[in-house]
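Residue numbers (my numbering), protein chains in the order written: chain A, 1 to 215; chain B, 1001 to 1219.
Glycine included, C-beta positions come from ideal geometry on N, C-alpha and C.
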């Protein structure tokens, strides 16, 4: 099977600047004209890109999950009013205006998708990975989530219910993965290192302590 | 519209390519396409629903063959043309041939953090009491609007249960068409796997969508 098929667009160009691809030329022309017309400040584009490259990412969500694991009253608040509980840690704004946290249990595993576009909780996870926005995941997550999970190396018992949340509105879902065993007494900081991006989308599980060695 | 964006349940796309240590962007042009799309959104000329509608109006073959930021760039081209902010000749040349059309505001670099922190909440005061409550049995409408909608095809005409009530939110079907926000109550509605996909489906699967009130009828 061809694992690279989905992002073949991204790897065929961008290396040789003397030979720009159609899309590079197209985006460059679009930006130029919008800047020249005075609609766009190119420095604002720089700040937008820099923000999502350096300031926002799944470490934010990891802090939310670790706090929920360590502090039952925070967990209850998160389950009741995720927008406020997440904002209390400083994570707010665009694509996280209306948050809901859904909690994995031995009986139920949650997984998030946006079949219609690419809705994703930016303030806690950053920008979505290519696979999340691509046709294979968006098409299969709602009809064959167990097959999807298997591809991500996650096999759950048949008796575990799979609960898929298709983000068709402006509600953004954060999965609260199960806390790994053998982490009693860990600090929030140490717990946060176990929380992967995929575990908060629901296509992965939190790392076990023995999986941390390589990280 | 029944466009290529409505992917739930389609088959044949193959494996999900999971890239370890994936970078935030795969090329410089992706950064510019991302940033220019957000910056143009900040002019207030259109909203997120109109942006999605523009992307969905790509020819299905083009949509499916395009990477995600290609879809964004092509959608943005459609929007700036439709709103008369630039002409086709100007896009082709990457050069202004006439004066700009006034826009509500321009996002300056120093205002980016505040704009991102504020976001664009979609909840609005409710203009009527919620028609449904948690636990109510509902059926989604069978409808095939030619304009924008957020009711995916796989979940039309299906029986489900209201799981969450989210308050009243901007109605995308209306907002995308430039016909106003017309907020409606928004619900999370869950469906069983077999209800959506037939008897052979995983009985231990539950899928939910977020559905505006007019997408639903009592079951």
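Under 9 Å, do residue i and residue j count as touching if we go by C-beta distance?
i	j	result
residue 149 of chain A	residue 109 of chain A	yes
residue 1082 of chain B	residue 1005 of chain B	no
residue 1140 of chain B	residue 1163 of chain B	no
residue 1016 of chain B	residue 134 of chain A	yes
residue 53 of chain A	residue 1024 of chain B	yes
residue 1007 of chain B	residue 21 of chain A	no
residue 1022 of chain B	residue 58 of chain A	no
residue 111 of chain A	residue 141 of chain A	yes
residue 1033 of chain B	residue 1070 of chain B	yes
residue 95 of chain A	residue 117 of chain A	no
residue 102 of chain A	residue 175 of chain A	yes
residue 944 of chain B	residue 1138 of chain B	Outside the shown range of chain B (1001 to 1219) lies residue 944 of chain B, about which nothing can therefore be said.
residue 1154 of chain B	residue 1009 of chain B	yes
residue 31 of chain A	residue 1120 of chain B	no
residue 45 of chain A	residue 1094 of chain B	no
residue 1219 of chain B	residue 1159 of chain B	yes
residue 197 of chain A	residue 125 of chain A	yes
Taking its Cβ as the centre, do 16 or more other Cβ atoms sit within 10 Å of residue i, making it buried, or is it exposed?
i	result
residue 1029 of chain B	buried
residue 69 of chain A	buried
residue 5 of chain A	Any reading at residue 5 of chain A needs caution, since the residue's pLDDT is 44, under 50, leaving its predicted position unreliable; the model's value is listed next. Per the 10 Å Cβ criterion, exposed.
residue 40 of chain A	buried
residue 1074 of chain B	buried
residue 1128 of chain B	exposed
residue 1051 of chain B	buried
residue 67 of chain A	buried
residue 187 of chain A	exposed
residue 92 of chain A	buried
residue 7 of chain A	Bear in mind that the predicted position of residue 7 of chain A carries a pLDDT of just 45, short of 50, making it unreliable; the figure below should be weighed with that in mind. So residue 7 of chain A ends up on the buried side.
residue 192 of chain A	buried
residue 63 of chain A	buried
residue 1148 of chain B	buried
residue 204 of chain A	buried
residue 104 of chain A	buried
residue 1125 of chain B	exposed
residue 1018 of chain B	buried
residue 1142 of chain B	exposed
residue 1169 of chain B	buried
residue 1059 of chain B	exposed
residue 202 of chain A	buried
residue 1194 of chain B	exposed
residue 170 of chain A	buried
residue 208 of chain A	exposed
residue 1092 of chain B	exposed
residue 1002 of chain B	exposed
Using a Cβ-Cβ distance cut-off of 9 Å, determine whether residue i contacts chain A.
i	result
residue 1204 of chain B	yes
residue 1132 of chain B	no
residue 1140 of chain B	no
residue 1082 of chain B	no
residue 1067 of chain B	yes
residue 1010 of chain B	yes
residue 1033 of chain B	yes
residue 1197 of chain B	yes
residue 1182 of chain B	no
residue 1108 of chain B	yes
residue 1086 of chain B	yes
residue 1040 of chain B	yes
residue 1057 of chain B	no
residue 1176 of chain B	no
residue 1111 of chain B	yes
residue 1179 of chain B	no
Is residue i close to chain B, meaning its C-beta is less than 9 Å from at least one C-beta of that chain?
i	result
residue 2 of chain A	Residue placement at residue 2 of chain A is poorly supported in this model, since its pLDDT is 40, which falls under 50; the coordinates still yield a value, given next. Judged by the 9 Å Cβ criterion, residue 2 of chain A is in contact with chain B.
residue 175 of chain A	no
residue 196 of chain A	no
residue 95 of chain A	yes
residue 76 of chain A	no
residue 34 of chain A	yes
residue 103 of chain A	no
residue 37 of chain A	yes
residue 106 of chain A	no
residue 129 of chain A	yes
residue 155 of chain A	no
residue 13 of chain A	Low confidence applies here, because residue 13 of chain A scores a pLDDT of 44, under 50, leaving its location unreliable; read the following figure in that light. Interface residue, yes.
Let me see if you follow: with CB-CB separation under 9 Å, is residue i close to chain D or not?
i	result
residue 126 of chain A	Here chain D cannot be found, since the structure's protein chains are A and B.
Kindly examine the ligand ATP and report whether one of its heavy atoms sits closer than 8 Å to the Cβ of residue i.
i	result
residue 1201 of chain B	As presented, the structure is devoid of all ligands, the ligand ATP included, so that no description of it is given.
Please confirm if the stretch 175-182 of chain A is in contact with the stretch 1172-1190 of chain B, defined as three or more CB-CB distances below 8 Å between the two stretches.
-> no
Quick one: which unbroken alpha helix (DSSP H) runs of 4-plus residues sit fully inside the stretch 163-205 of chain A? Chain order, please.
-> 188-192 and 197-201
Quick one: complete beta strand (DSSP E) runs, 3+ long, within the stretch 117-169 of chain A?
-> 161-166
Are there three or more Cβ pairs, one per stretch, closer than 8 Å when the stretch 1103-1111 of chain B is compared with the stretch 1035-1043 of chain B?
-> yes
Could I get the ranges of all uninterrupted beta strand (DSSP E) runs contained in the stretch 1045-1113 of chain B, with 3 residues as the minimum, in chain order?
-> none
Touch test, the stretch 33-52 of chain A against the stretch 154-168 of chain A, Cβ-Cβ under 8 Å, three pairs minimum | no
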